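**Q**
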Ligand code: G
Ligand code: G
Ligand code: NA
Ligand code: MN
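Numbering (full-length UniProt numbering), first residue to last: 347 to 599.
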């Protein structure tokens, strides 16, 4: 496929960029951080989301190149935003990233370079990354990140095969409830009951919950009433270029 050389060239030309989506604290309505979502700004094809180049993200060499550049850019832009000192930046990592021995070192270098603290970093992983052994290389990297003060978020929770066991056995701080559960909460009692139960389990395990894909005011209110701590979604903001947030400190939601 031609996409590989094109993607390498896009990296060189700085056409691959981090977009930021705000994460909102539901109790206050204020922004408490961002998730970094990669975008390929192709002059011909427009703004491409990762599903258009997913295969590339799975190649170790390309993933490595992308991560260095994307996270470097993201940290740099985050450090420029007003109020970032009290906010977090979440990055998405795959198994390819997490089996690397030097992952923690590389992130330490990038954080230091931009004057950021480990406590400002959230690492998002899916249940796929938790298929390896307890105490294997992926597990150890996650545990190491956590011991330094970063938080681990289990992304797309509810869509994998792990059920609740991953929450019990793996080093996790935050559960991100997949948007498929959030979507119809406002009109489907069973969905609402299910989400409420997951929030309760997470709370009792000492985990925070982020609801993903919040598009409706009714769902924001329901989630808030259920004690869900945080939310993301088009109701608050689509993912945007980081410079979009230069003029605001997140008090506006
Ligand atoms: O951004 P949406 O924008 O389409 O993201 C789709 C999927 O791509 C999500 O599951 C998200 O976790 C993943 N993704 C977004 N940004 C990155 C990234 O920088 N690296 C990796 N590995 N996955 C990403
Ligand atoms: O898998 P992950 O959660 O990392 O990817 C987040 C994906 O969800 C991105 O593609 C992002 O653009 C998308 N997204 C974020 N908020 C919403 C929303 O409110 N509705 C929908 N449909 N998608 C969303
Ligand atoms: Na994510
Ligand atoms: Mn997700």
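Cβ atoms here follow ideal geometry from the backbone N, Cα and C, with glycine treated the same way.
It should be emphasised that the depicted structure is a prediction, and the values quoted were computed from it without experimental measurement.
Compare the beta carbon distance of residue 587 and residue 366 with 9 Å and say whether it is the shorter of the two.
**A** Here residue 587 is taken as the residue at index 241 of the chain shown, counted from 1. Here residue 366 is taken as the residue at index 20 of the chain shown, counted from 1. Contact: yes.
**Q** Is any heavy atom of ligand 2 found at a distance shorter than 8 Å from the C-beta of residue 588?
**A** On the chain shown, position 242 is the one that residue 588 refers to. Flag unset: Cβ of residue 588 not near ligand 2.
**Q** Quick check on DSSP: helix, strand or coil for residue 401?
**A** Residue mapping note: residue 401 aligns to position 55 of the chain shown, counting from 1. In this structure, residue 401 counts as helix in the three-state DSSP scheme.
**Q** Flag residue 401 as yes when its Cβ comes closer than 8 Å to any non-hydrogen atom of ligand 2, and as no otherwise.
**A** For the purposes of this step, residue 401 is taken as residue 55 along the chain shown, with counting starting at 1. Answer for residue 401: no, Cβ out of range of ligand 2.
**Q** Quick check on this structure: which residue in 580, 541 and 368 has the alpha carbon closest to the alpha carbon of residue 530?
**A** Taking the first residue of the chain shown as position 1, residue 530 is located at position 184. Closest option to residue 530, Cα to Cα, is 541.
**Q** Which residues share a DSSP beta bridge with residue 379?
**A** Taking the first residue of the chain shown as position 1, residue 379 is located at position 33. 369 and 434, per the DSSP bridge assignment.
**Q** Do the segment 385–393 and the segment 554–562 make contact, defined as three or more Cβ pairs closer than 8 Å?
**A** no
**Q** Going along the chain, which residues of its own chain have a beta-carbon closer than 7 Å to the beta-carbon of residue 583, five neighbours each way excluded?
**A** Locating residue 583 in the chain shown gives position 237, where the first residue counts as 1. Around residue 583: 367 and 368.
**Q** Candidates 451, 461 and 543: which alpha carbon is nearest residue 431's?
**A** If you number the chain shown from 1, residue 431 lands on position 85. Comparing Cα positions, the closest option is 461.
**Q** So does residue 530 have its beta carbon nearer than 8 Å to some heavy atom of ligand 2?
**A** The residue labelled residue 530 in the question sits at position 184 within the chain shown. No, the beta carbon of residue 530 sits no closer than 8 Å to any heavy atom of ligand 2.
**Q** Give the single residue among 377, 364 and 355 whose Cα lies nearest to the Cα of residue 581.
**A** Indexing the chain shown from 1 puts residue 581 at position 235. Check the Cα spacing between residue 581 and each of 377, 364 and 355: the tightest is with 377.
**Q** Would you kindly work out how many angstroms separate the C-alpha atoms of residue 543 and residue 399, rounded to a whole number?
**A** For the purposes of this step, residue 543 is taken as the residue at position 197 of the chain shown. For the purposes of this step, residue 399 is taken as the residue at position 53 of the chain shown. Going by the C-alpha atoms only, they are around 36 Å apart.
**Q** Report back the beta-carbon spacing between residue 420 and residue 471 to the nearest angstrom; my notes put them in contact at under 8 Å.
**A** Position 74 of the chain shown holds residue 420. Position 125 of the chain shown holds residue 471. Actually they do not touch by this definition, with Cβ atoms about 17 Å apart.
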